[in-house]
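Enquirer: My questions all concern the structure below.
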Amino acid sequence: MARAPAAQQIEALPEADRLGDFPHPRDTARLFGLEAGEAMLAEALAEGRTHHAWLLSGPQGIGKATLAYRFARAALASPDERDPSGTSLSVPENSIAARQVRALSHPGLLLIRRPYDTKAKRFTTSIPVDEVRRLRSFLSHRAAGDGWRVVIVDQADDLNVNAANALLKSLEEPPERTVFLLISSAPGQLVPTIRSRCRDLALPALSDKDLRAAAEQALAVAELKAPDESEWSALIALAGGSTGRLLGLLGGGGIELQGHVDRLIETLPRVDWNAVHRLGDELQPTAANERFELFYELLLETLARLIRVAVTGEGTDAERQRASRIMGEARLASFAALWERIAREKAQTVGLNLDRKGLILDTAANLAAAAQDTRSA
């Protein structure tokens with residue numbers, strides 16, 4: 001008797017819109033802090049006259065994609081499975097539509113996002129036009145009965161020029177019973193003609209309470225230990241109302257890296273070169289990509305915040321004192337230019353795979369020189 005072939009396990013491709021080991025937005029059970037936005041979408045769906053395209057805009061990582069998938073589950077579910085009050089997008093988790101949306105297998109759902117290049121082993125830098133062209137086949141078939149079709153673009157900010165133009169054609173001639181959900185963290189950078197054809201649903205950063213609740217949910221699902229009580233306040237302060245940001249800080253050692261940033265700036269114009277060399281050695285390896293990116297993100301945010309404090313005078317007493325000591329009014333333009341230089345050189349280092357430790361040493365030296373000039377001004 002011939003031997004049965006061994007079953008092959010298909011490895012799931014990485015997803016550009018997934019954060020580490022945390023649950024994907026389409027797998028997230030509860031939505032926190034965006035109830036007003038959900039109620040608006042639920043009411044439009046219940047009335048059956050929803051706008052054909054919605055721009056879900058707001059800070060990165062607050063739950064915009066989670067809201068989009070909640071809408072998809074509700075729109076694709078049978079009417080008797082939806083919330084009868086018309087104020088929520090909740091549907092039974094074990095419904096056929098909910099299960100198919102979680103598996104991205106529902107014929108009425110199309111997801112457009114940055115694809116994974118299996119040869120290069122990385123994600124494309126933008127959403128190419130070929131991804132948007134899948135709309136032709138998807139829209140060529142009518143939804144079953146009076147059902148809906150849902151197109152999620154996550155994120156619309158990633159569309160390249162050709163892809164944006166291709167999407168615009170579908171938005172200009174919207175098919176019946178089809179809803180486009182465009183997710184954006186920088187709506188001002190989108191093509192104006194795309195924005196003009198969407199109903200903007202601006203979503204806010206989360207409150208401290210909702211932020212913690214959303215983060216605790218993600219940690220519990222991922223079976224990861226929650227931070228100590230003493231760490232929550234620091235994480236929430238750095239996260240800026242973003243669950244994704246908080247989880248990224250937690251996974252990348254954000255509190256520790258912010259400590260490096262604070263010590264570097266606090267001692268200016270002096271530099272603890274031993275500490276900077278140790279940090280450079282730590283962030284140099286390829287395996288430290290995430291921490292290297294996070295360090296520069298925190299550094300640039302801290303500098304930007306101090307520049308704003310120096311210009312407006314608005315901030316805590318400690319921030320005003322630090323900004324005055326390091327920058328002074330005479331050097332604001334120089335520090336603003338230095339911020340741009342650091343951001344540019346960091347991008348070049350990553351893009352060209354240059355020496356990361358060398359960049360960190362140069363950054364510290366440039367900060368020291370700028371602060372020294374302030375002292376002598």
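Residue numbers (full-length UniProt numbering): 1 to 377.
For glycine and all other residues, C-beta sits at the position ideal for the given N, C-alpha and C.
For A202, which residues does DSSP report across the bridge?
Expert: Translated into positions along the sequence shown, residue 202 becomes position 202. Beta-bridge pairing links A202 to S57.
Enquirer: Give me, in chain order, the residues of the same chain whose beta-carbon lies closer than 7 Å to that of P175; leave out the 5 immediate sequence neighbours on both sides.
Expert: Taking the first residue of the sequence shown as 1, we reach residue 175 at position 175. Excluding residues within five positions, the ones whose Cβ falls inside 7 Å are L139.
Enquirer: Run the CB neighbour count on S105, radius 10 Å, all protein chains shown included, and call it buried at 16 or more, exposed below.
Expert: Against the sequence shown, residue 105 aligns to sequence position 105. By the C-beta density criterion, S105 is exposed, having fewer than 16 other C-beta atoms within 10 angstroms.
Enquirer: Output the distance between the C-alpha atoms of E38 and T87, rounded to the nearest integer angstrom.
Expert: Here residue 38 is taken as the residue at index 38 of the sequence shown, counted from 1. Here residue 87 is taken as the residue at index 87 of the sequence shown, counted from 1. Looking at the two C-alpha atoms, the distance is approximately 7 Å.
Enquirer: Would you check if the distance between the CB atom of A215 and the CB atom of L246 is smaller than 8 Å?
Expert: As a first step, residue 215 must be located in the sequence shown, where it is residue number 215. As a first step, residue 246 must be located in the sequence shown, where it is residue number 246. Taking C-beta atoms as the reference points, A215 and L246 count as a pair closer than 8 Å.
Enquirer: Rounded to a whole number of angstroms, what is the C-alpha to C-alpha distance between R113 and F123?
Expert: Position 113 of the sequence shown, counting from 1, holds the residue named residue 113. Position 123 of the sequence shown, counting from 1, holds the residue named residue 123. Cα to Cα, the separation comes out at about 10 Å.
Enquirer: So is G188 buried or exposed if we call it buried at 16+ other beta carbons inside 10 Å?
Expert: Taking the first residue of the sequence shown as 1, we reach residue 188 at position 188. The residue in question, G188, is exposed, as its Cβ has fewer than 16 Cβ neighbours within 10 Å.
Enquirer: I'd like the span of the alpha helix (DSSP H) that includes V161, first residue to last.
Expert: In the sequence shown, residue 161 corresponds to position 161, counting from 1. Note, V161: alpha helix (DSSP H), V161 to E172.
Enquirer: With distances taken between CB atoms, is the gap from A333 to V271 smaller than 8 Å?
Expert: Locating residue 333 in the sequence shown gives position 333, where the first residue counts as 1. Locating residue 271 in the sequence shown gives position 271, where the first residue counts as 1. For A333 and V271, no; Cβs fall outside 8 Å.
Enquirer: Give the range of the alpha helix (DSSP H) segment to which L41 is assigned.
Expert: Taking the sequence shown and counting its residues from 1, the one referred to as residue 41 is at position 41. Start and end: E35 to E47.
Enquirer: Can you give me the Cβ contacts of K64 inside the same chain, cut-off strictly under 7 Å, excluding the 5 residues immediately before and after it?
Expert: Counting from 1 along the sequence shown, the entry for residue 64 is found at position 64. Cβ within range, chain order: L56, G58, I183 and L203.
Enquirer: Does the segment 298 to 307 touch the segment 251 to 266, meaning 3 or more C-beta pairs lie closer than 8 Å?
Expert: yes
Enquirer: What whole-angstrom Cβ distance do F22 and D210 have, given they're in contact under 8 Å?
Expert: Start at 1 with the first residue of the sequence shown, and residue 22 comes out as number 22. Start at 1 with the first residue of the sequence shown, and residue 210 comes out as number 210. Rounded, the Cβ-Cβ distance is 17 Å, inconsistent with contact.
Enquirer: Any heavy atom of the ligand HEM inside 7 Å of the beta-carbon of T28?
Expert: For the ligand HEM, the structure offers nothing, since it holds no ligand at all.
Enquirer: Is it buried or exposed for Q372, if we count other Cβ within 10 angstroms and need 16 for buried?
Expert: Within the sequence shown, the letter at position 372 stands for residue 372. Exposed is the call here.
Enquirer: Excluding the 5 residues flanking R133 on each side, which residues of the same chain have their C-beta closer than 7 Å to its C-beta?
Expert: As a position in the sequence shown, residue 133 is number 133, starting the count at 1. Excluding residues within five positions, the ones whose Cβ falls inside 7 Å are A166.
Enquirer: Are G240 and A205 touching if we call contact CB-CB under 8 Å?
Expert: Taking the sequence shown and counting its residues from 1, the one referred to as residue 240 is at position 240. Taking the sequence shown and counting its residues from 1, the one referred to as residue 205 is at position 205. Yes, Cβ-Cβ distance for G240 and A205 is below 8 Å.
Enquirer: Near E131, which residues of its chain fall below 7 Å by C-beta distance, leaving aside the five closest residues on each side in sequence?
Expert: In the sequence shown, counting from the first residue as 1, residue 131 sits at position 131. The answer, listed in chain order, is I112, P115 and A163.
Enquirer: Buried or exposed: which applies to residue 407, given that a residue is buried once 16 or more other Cβ atoms fall within 10 Å of its Cβ?
Expert: Residue 407 is absent from the structure shown; the chain starts at 1 and stops at 377.
Enquirer: Between the Cα of A97 and those of A72, K119, D83 and P84, spot the shortest distance and give me the residue it belongs to.
Expert: Translated into the one-based positions of the sequence shown, residue 97 becomes position 97. The shortest C-alpha separation from A97 is found at A72.
Enquirer: Given this structure, state the Cα-to-Cα distance separating T193 from E172, to the nearest angstrom.
Expert: Indexing the sequence shown from 1 puts residue 193 at position 193. Indexing the sequence shown from 1 puts residue 172 at position 172. Cα to Cα, T193 sits roughly 9 Å from E172.
Enquirer: Name the DSSP bridge partner or partners of V151?
Expert: The residue given as residue 151 occupies position 151 in the sequence shown. Partner residues in the beta bridge of V151, as assigned by DSSP, are L110 and F180.
Enquirer: Among L34, Y69 and R356, which residue has its Cα nearest to the Cα of V179?
Expert: For the purposes of this step, residue 179 is identified with residue 179 of the sequence shown, where counting begins at 1. Among L34, Y69 and R356, the Cα nearest to that of V179 is on Y69.
Enquirer: If you compare alpha carbons, which of A347, Q348, R331 and N353 is closest to L367?
Expert: Within the sequence shown, residue 367 is the residue found at index 367, counting from 1. Among A347, Q348, R331 and N353, the Cα nearest to that of L367 belongs to R331.
Enquirer: When the Cα atoms are used, what is the spatial distance from P5 to A12?
Expert: Start at 1 with the first residue of the sequence shown, and residue 5 comes out as number 5. Start at 1 with the first residue of the sequence shown, and residue 12 comes out as number 12. Because P5 carries a pLDDT of 46, less than 50, the predicted location of this residue cannot be relied on, and no value is offered for it.
Enquirer: Is the beta carbon of R177 closer than 8 Å to that of L283?
Expert: Taking the sequence shown and counting its residues from 1, the one referred to as residue 283 is at position 283. Taking the sequence shown and counting its residues from 1, the one referred to as residue 177 is at position 177. Cβ atoms of L283 and R177: not closer than 8 Å.
Enquirer: Which residues in the same chain have their Cβ closer than 6 Å to the Cβ of A186, if we skip the five residues on either side of it in sequence?
Expert: To locate residue 186, count along the sequence shown from 1; it is residue 186. For A186, where only same-chain residues beyond five positions count, the Cβ hits under 6 Å are D157.
Enquirer: Output needed for L109: all residues of its chain with C-beta closer than 7 Å, excluding positions within five of it in sequence on either side, in chain order.
Expert: Position 109 of the sequence shown, counting from 1, holds the residue named residue 109. A72, L76, V101 and V150, listed in sequence order.
Enquirer: Between L34 and L89, which are expected to be in contact by the criterion C-beta below 8 Å, what is the C-beta distance as a whole number of angstroms?
Expert: If you number the sequence shown from 1, residue 34 lands on position 34. If you number the sequence shown from 1, residue 89 lands on position 89. About 11 Å separates the two Cβ atoms, so there is no contact after all.
Enquirer: Start and end of the alpha helix (DSSP H) containing K209?
Expert: Residue 209 sits at position 209 when you count from the first residue of the sequence shown. First-last of the alpha helix (DSSP H) with K209: D208 to V221.
Enquirer: From V91 to T50, what distance separates their C-alpha atoms?
Expert: If you number the sequence shown from 1, residue 91 lands on position 91. If you number the sequence shown from 1, residue 50 lands on position 50. Using only the alpha carbons, I get a separation of about 18 Å.
Enquirer: In the DSSP output, what is R122 paired with across the bridge?
Expert: Here residue 122 refers to the residue found at position 122 of the sequence shown. For R122, which the question treats as bridged, DSSP gives the partners D117.
Enquirer: Terminal residues of the continuous alpha helix (DSSP H) containing T66?
Expert: If you number the sequence shown from 1, residue 66 lands on position 66. Counting along the chain, the alpha helix (DSSP H) containing T66 begins and ends at K64 to L76.
Enquirer: In angstroms, rounded to a whole number, what distance separates the CA positions of G259 and A275?
Expert: The sequence position of residue 259 within the sequence shown is 259, counting from 1. The sequence position of residue 275 within the sequence shown is 275, counting from 1. Going by C-alpha positions, G259 is about 12 Å away from A275.
Enquirer: Below 8 Å on the Cβ atoms is my guess for I62 versus S242; work out the distance and round it to an integer in Å.
Expert: Counting from 1 along the sequence shown, the entry for residue 62 is found at position 62. Counting from 1 along the sequence shown, the entry for residue 242 is found at position 242. A Cβ-Cβ distance of about 6 Å is found for the pair I62 and S242, placing them in contact under the 8 Å criterion.
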